[in-house]
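The block underneath contains the structure these notes are about, expressed in structure tokens.
There are 2 protein chains.
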Amino acid sequence: MVFGDEFNKLSDDFVDRRQWRYDPPESLTSVGMTYARRLELTSPSNPFHLERGGVLETLVVEYEAYGELSSDGCNAILVTHALSGDAHAAGWDGEARRRDRQWRLRRPGWWDGMIGPGKPLDTNRFFIICANVIGSCYGTTGPASINPATGKPYGLRFPEVTVGDWVCMEAMLLDRLGIDQLYAVCGGSLGGQQALEWALRFPDRVGKCLVLASGPKLPTQGVGFNAVGRHAILHDPYFRGGDYYGHAEQPRHGLAVARMLAHITYQSGKQMDSRFGRKLQEESLKKGWYEVEYAVESYLNHQGRAFVERFDANSYLYMTKAMDHYDAAGAWGDGDLWQACKRVKAEMLVATFSTDWLYPPEESSLFVKALLANRIPVTYVKIDSIYGHDAFLLEVERVGRMLRAFLLSPMPSRRTRVPESGGGL
Amino acid sequence: MVFGDEFNKLSDDFVDRRQWRYDPPESLTSVGMTYARRLELTSPSNPFHLERGGVLETLVVEYEAYGELSSDGCNAILVTHALSGDAHAAGWDGEARRRDRQWRLRRPGWWDGMIGPGKPLDTNRFFIICANVIGSCYGTTGPASINPATGKPYGLRFPEVTVGDWVCMEAMLLDRLGIDQLYAVCGGSLGGQQALEWALRFPDRVGKCLVLASGPKLPTQGVGFNAVGRHAILHDPYFRGGDYYGHAEQPRHGLAVARMLAHITYQSGKQMDSRFGRKLQEESLKKGWYEVEYAVESYLNHQGRAFVERFDANSYLYMTKAMDHYDAAGAWGDGDLWQACKRVKAEMLVATFSTDWLYPPEESSLFVKALLANRIPVTYVKIDSIYGHDAFLLEVERVGRMLRAFLLSPMPSRRTRVPESGGGL
Numbered sequence: 001m002v003f004g005d006e007f008n009k010l011s012d013d014f015v016d017r018r019q020w021r022y023d024p025p026e027s028l029t030s031v032g033m034t035y036a037r038r039l040e041l042t043s044p045s046n047p048f049h050l051e052r053g054g055v056l057e058t059l060v061v062e063y064e065a066y067g068e069l070s071s072d073g074c075n076a077i078l079v080t081h082a083l084s085g086d087a088h089a090a091g092w093d094g095e096a097r098r099r100d101r102q103w104r105l106r107r108p109g110w111w112d113g114m115i116g117p118g119k120p121l122d123t124n125r126f127f128i129i130c131a132n133v134i135g136s137c138y139g140t141t142g143p144a145s146i147n148p149a150t151g152k153p154y155g156l157r158f159p160e161v162t163v164g165d166w167v168c169m170e171a172m173l174l175d176r177l178g179i180d181q182l183y184a185v186c187g188g189s190l191g192g193q194q195a196l197e198w199a200l201r202f203p204d205r206v207g208k209c210l211v212l213a214s215g216p217k218l219p220t221q222g223v224g225f226n227a228v229g230r231h232a233i234l235h236d237p238y239f240r241g242g243d244y245y246g247h248a249e250q251p252r253h254g255l256a257v258a259r260m261l262a263h264i265t266y267q268s269g270k271q272m273d274s275r276f277g278r279k280l281q282e283e284s285l286k287k288g289w290y291e292v293e294y295a296v297e298s299y300l301n302h303q304g305r306a307f308v309e310r311f312d313a314n315s316y317l318y319m320t321k322a323m324d325h326y327d328a329a330g331a332w333g334d335g336d337l338w339q340a341c342k343r344v345k346a347e348m349l350v351a352t353f354s355t356d357w358l359y360p361p362e363e364s365s366l367f368v369k370a371l372l373a374n375r376i377p378v379t380y381v382k383i384d385s386i387y388g389h390d391a392f393l394l395e396v397e398r399v400g401r402m403l404r405a406f407l408l409s410p411m412p413s414r415r416t417r418v419p420e421s422g423g424g425l
Numbered sequence: 001m002v003f004g005d006e007f008n009k010l011s012d013d014f015v016d017r018r019q020w021r022y023d024p025p026e027s028l029t030s031v032g033m034t035y036a037r038r039l040e041l042t043s044p045s046n047p048f049h050l051e052r053g054g055v056l057e058t059l060v061v062e063y064e065a066y067g068e069l070s071s072d073g074c075n076a077i078l079v080t081h082a083l084s085g086d087a088h089a090a091g092w093d094g095e096a097r098r099r100d101r102q103w104r105l106r107r108p109g110w111w112d113g114m115i116g117p118g119k120p121l122d123t124n125r126f127f128i129i130c131a132n133v134i135g136s137c138y139g140t141t142g143p144a145s146i147n148p149a150t151g152k153p154y155g156l157r158f159p160e161v162t163v164g165d166w167v168c169m170e171a172m173l174l175d176r177l178g179i180d181q182l183y184a185v186c187g188g189s190l191g192g193q194q195a196l197e198w199a200l201r202f203p204d205r206v207g208k209c210l211v212l213a214s215g216p217k218l219p220t221q222g223v224g225f226n227a228v229g230r231h232a233i234l235h236d237p238y239f240r241g242g243d244y245y246g247h248a249e250q251p252r253h254g255l256a257v258a259r260m261l262a263h264i265t266y267q268s269g270k271q272m273d274s275r276f277g278r279k280l281q282e283e284s285l286k287k288g289w290y291e292v293e294y295a296v297e298s299y300l301n302h303q304g305r306a307f308v309e310r311f312d313a314n315s316y317l318y319m320t321k322a323m324d325h326y327d328a329a330g331a332w333g334d335g336d337l338w339q340a341c342k343r344v345k346a347e348m349l350v351a352t353f354s355t356d357w358l359y360p361p362e363e364s365s366l367f368v369k370a371l372l373a374n375r376i377p378v379t380y381v382k383i384d385s386i387y388g389h390d391a392f393l394l395e396v397e398r399v400g401r402m403l404r405a406f407l408l409s410p411m412p413s414r415r416t417r418v419p420e421s422g423g424g425l
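Residue numbers (this note's numbering), protein chains in the order written: chain A, 1 to 425; chain B, 1 to 425.
Okay, structure coming up:
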């Protein structure tokens with residue numbers, strides 16, 4: 001096992017650990033060891049039709065769930081993951097060793113600070129589900145899956161996916177789990193786009209909708225960064241038009257560059273100044289003047305290298321495209337956000353972070369105004385944080401307090417009662 | 001000739017032409033056709049010693065000059081160029097056709113809106129010099145130059161250069177031109193670092209120092225973006241350790257990616273939203289779903305492609321490194337900016353742009369405070385602009401007014417008179 005003392009040695013040096021709450025699996029506030037579940041949502045007579053025209057004859061979804069579904073089925077919260085996330089939102093991956101995902105042994109689920117007994121998404125009270133999205137590389141059918149028509153991995157022949165497709169898939173999964181109504185849907189960044197799409201596409205199925213560090217569409221600057229990342233991948237000579245599976249050489253450098261530049265957009269300038277400034281990297285690693293010199297370069301290189309070990313270049317293309325395409329106003333209001341927001345029946349939480357420049361607070365205030373103009377109950381929070389876009393992952397304390405308060409507030413409009421705590425803490 | 005009507009057809013579609021003042025060479029406010037001058041600054045007994053330890057036995061500088069040096073030699077202004085700039089600051093390159101630099105036929109010098117008879121840097125009044133920096137690919141000795149020791153291009157064996165080296169080279173050039181005192185030194189971005197370094201290194205030679213969209217050091221976020229750009233170049237399989245000259249395959253994709261991402265940092269998010277939003281690229285150019293779809297992607301691709309035609313990947317490495325290394329406080333104040341500013345004797349202009357997030361206005365205000373604390377006469381201007389970092393190039397009207405006013409204000413502290421206009425306008 002790698003917990004306890006061993007954990008400190010193994011854990012990622014680059015993570016500011018004060019910001020993370022690493023609950024070892026034996027802790028009373030951890031959901032413990034988790035095991036992903038897989039479910040086939042399609043049948044030969046009932047394939048999955050995608051928004052942009054494609055069809056998947058086989059769609060397997062990988063998801064995790066924590067806590068117990070109450071007898072009335074009214075305590076379910078769907079947590080939606082972001083670009084590089086997956087279904088493993090909390091606890092410690094019981095299958096990591098078997099699958100040789102080293103990075104998963106080193107840290108718990110991506111929102112472990114939020115989800116667990118007594119935590120803001122309290123598993124004593126709520127039944128939490130998190131599903132991996134279509135096109136990802138973490139278990140749900142994606143470009144690395146075998147195309148039944150050819151017996152080979154799809155690669156770029158995998159159909160184009162959208163945030164809407166993900167939400168439809170999540171709705172099918174909930175149907176299969178017998179969950180009609182969600183107490184809440186909650187996500188940050190690309191996960192926030194999914195949460196919002198839930199409130200728009202299935203207004204009658206969502207009680208509370210929590211949109212963190214996200215909005216009705218990605219600002220153009222973010223689309224530009226995504227485009228540069230894709231460009232780096234598509235022009236990596238080892239990309240081979242997406243058919244690199246099984247080859248010794250992979251489009252590692254293209255994917256690493258995409259991740260490195262995206263990673264800068266997840267942080268604030270202030271944070272980078274205070275954390276790195278011009279701190280030098282250890283001398284021993286520098287070979288030539290043009291090589292890594294500053295700690296910030298070494299950090300970004302590390303981010304690139306680590307990402308390449310755990311992510312698939314094709315998935316990066318599909319998922320960033322879905323992020324770029326998402327446009328709530330276009331899809332539901334003919335370009336008019338005010339019109340689109342008419343559909344919402346959920347109680348909304350829109351949370352932004354002062355230094356998030358990927359989804360800046362100013363953009364979100366337009367969204368909040370559109371909700372208010374439709375008399376939708378909305379709570380708007382702008383959290384003062386140095387952590388930029390990633391604050392929704394890193395500001396555990398403040399985000400946690402906000403989520404707890406919003407989730408436990410009564411919903412007079414829906415007459416849904418707040419689930420009781422099942423016990424424990 | 002390509003001017004007049006032809007010009008409109010040839011000119012770059014992507015440039016918002018309302019923002020540019022394209023003076024054809026026959027215009028009364030253009031400096032007309034220009035011809036670069038070259039000067040060897042070294043001799044076998046007198047090589048150029050660089051700050052970081054290298055030596056150049058041969059250093060040839062390419063520069064341009066506009067206007068006439070007055071008999072007392074007191075009307076010289078040195079204009080310093082930015083990362084992708086060169087000595088051709090104004091007018092139309094008379095050698096462009098001969099050298100087959102197509103892009104130079106399409107647009108005049110990079111600051112043509114500022115420099116010319118009657119313009120803010122008025123060539124009827126001032127003698128304007130702009131020199132290409134060491135390590136560049138536009139005429140001054142750089143990594144593509146022949147290494148006299150081997151008879152082959154230097155590549156990465158070219159010595160490391162700094163902003164300080166550039167300023168020393170510029171000082172040598174002025175010595176050779178018989179210019180002891182600069183009326184002013186003026187630059188934006190990396191050129192602003194040079195202007196500031198002039199005021200610190202040669203305080204007695206500078207009357208006025210104009211630092212635009214720049215500062216005592218590049219914030220860490222910019223260092224991070226530069227590092228990602230270099231990473232893309234260094235890991236392009238055609239880079240071959242910098243010895244790609246003469247090969248059919250060049251590190252084009254690495255350099256294009258570096259430029260594309262840098263180009264995003266030169267613009268503001270607001271500008272990208274208002275200019276592009278989700279406008280689609282023309283259908284005909286799209287081959288697969290993963291290819292260029294939005295106008296913003298097409299624009300960035302264009303920027304990447306165009307840059308590769310005109311810039312050298314090795315030069316990009318050298319020049320971004322110089323930009324990252326520049327640290328006025330470290331070099332002149334032992335890390336203390338206040339201490340460093342003690343050296344300044346010039347009248348300072350510090351100009352920032354409201355949406356410049358590469359050199360944000362907040363950073364510059366610390367610099368201005370350090371100058372004020374030393375009782376240095378300083379004018380601080382924050383120009384409200386949507387154009388982000390590139391506003392120093394694009395806000396021709398407002399930047400022009402500011403430069404004119406600052407340059408023509410008397411300098412009681414130095415008892416230097418403002419040069420009279422030589423005639424014309």
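Virtual Cβ for every residue (Gly too), placed ideally from N, Cα, C.
Here the structure is a predicted model, which is why all the values come from computation and not from measurement.
At a cut-off of 8 Å, the C-beta of Phe225 of chain A has a neighbouring C-beta in chain B. At a beta-carbon threshold of 7 Å, none of the residues of chain B lie near Thr141 of chain A; the nearest stands roughly 17 Å away. Shortest Cα-Cα distance from Gly94 of chain A to any of A:Glu395, A:Pro419 and A:Pro24 involves A:Pro24. The CB of His235 of chain B comes closer than 7 Å to the CB of His253 in chain A, given here in chain order. For Pro159 of chain A, the number of other beta carbons within 10 angstroms of its own is at least 16, and it is reported as buried.
In the structure shown, Val308 of chain B adopts helical secondary structure according to DSSP, grouped into three states.
In the DSSP assignment, Glu26 of chain B is bridged to no other residue. A check of alpha carbon separations from Leu173 of chain A across A:Cys341, A:Thr80 and A:Asp327 identifies A:Thr80 as the nearest. Between Ala262 of chain A and Leu280 of chain A, the C-beta gap is not smaller than 8 Å, which leaves the two residues out of contact. Neighbours of Lys152 of chain B in chain A, taken as residues whose beta carbon is under 9 Å from its own, are absent, since the nearest beta carbon is some 18 Å off.
Between the segment 340-352 of chain B and the segment 162-176 of chain B, the count of Cβ pairs shorter than 8 Å is below three; the stretches do not touch. Cβ contact annotation for Ala313 of chain A (same chain, cutoff 6 Å, sequence separation greater than five): Ile233, Pro251 and Leu255, in chain order. Tyr266 of chain B is a Cβ neighbour of Leu358 of chain B, given a cutoff of 8 Å.
If you draw a straight line from the Cα of Ala195 of chain A to the Cα of Leu210 of chain A, it comes to about 7 Å.
Close to Glu297 of chain A, with beta-carbon spacing below 7 Å, are these residues of chain B in chain order: Ala227. Contact note: Ile134 of chain A does not reach chain B at a C-beta cutoff of 7 Å; the least C-beta distance is about 14 Å. Judged by DSSP in its simplified three-state form, Val344 of chain B adopts coil rather than helix or strand. Within chain B, no C-beta atom comes nearer than 7 Å to that of Leu371 of chain A; the closest sits roughly 20 Å away.
In this chain, the beta strand (DSSP E) harbouring Cys130 of chain A covers Phe127 to Ala131.
Straight across, the Cα-Cα distance linking Arg38 of chain A with Glu347 of chain A is about 31 Å. Tyr290 of chain A counts as buried, since no fewer than 16 other beta carbons sit within 10 angstroms of its beta carbon. Per DSSP, reduced to three states, the secondary structure at Asp122 of chain B is strand. Chain order gives the chain A residues near Ile264 of chain B as Gln221, Gly224, Phe225 and Val228, where near means a beta carbon separation below 8 Å.
In this structure Ser84 of chain B touches Phe307 of chain B by the C-beta definition: roughly 7 Å separates them, less than 8 Å. Gly241 of chain A and Pro143 of chain A do not touch by the CB rule: their CB atoms are close to 12 Å apart, not below 8 Å. The C-alpha of Arg401 of chain B lies about 12 Å from the C-alpha of Val381 of chain B. At a Cβ-Cβ threshold of 8 Å, Ala213 of chain A and His325 of chain A do not count as neighbours.
The way I'd put it, the segment 328-345 of chain B doesn't touch the segment 181-190 of chain B; fewer than three beta-carbon pairs between them come closer than 8 Å. Taking 3 residues as the minimum length, the beta strand (DSSP E) runs contained wholly in the segment 175-243 of chain A are 182-188 and 206-212, in order along the chain. Counting only runs that start and end inside the segment 307-393 of chain A, the beta strand (DSSP E) elements of at least 3 residues fall at 347-353 and 378-383. The CB of Val257 of chain A comes closer than 8 Å to the CB of Val228, His231, Ala232, His235 and Val257 in chain B, given here in chain order. Within the same chain, and ignoring the five residues on either side of His253 of chain B in sequence, the residues whose Cβ sits closer than 7 Å to its Cβ are Asp236.
The count of Cβ pairs closer than 8 Å, one atom from the segment 54-61 of chain A and one from the segment 104-114 of chain A, stays below three, leaving the stretches out of contact. Contact note: Asn301 of chain A reaches chain B through Ala227 and His231, using a C-beta cutoff of 9 Å and chain order. A distance below 8 Å separates the beta carbons of Tyr318 of chain A and Val161 of chain A. Here Arg398 of chain B carries a helix assignment [DSSP, helix/strand/coil].
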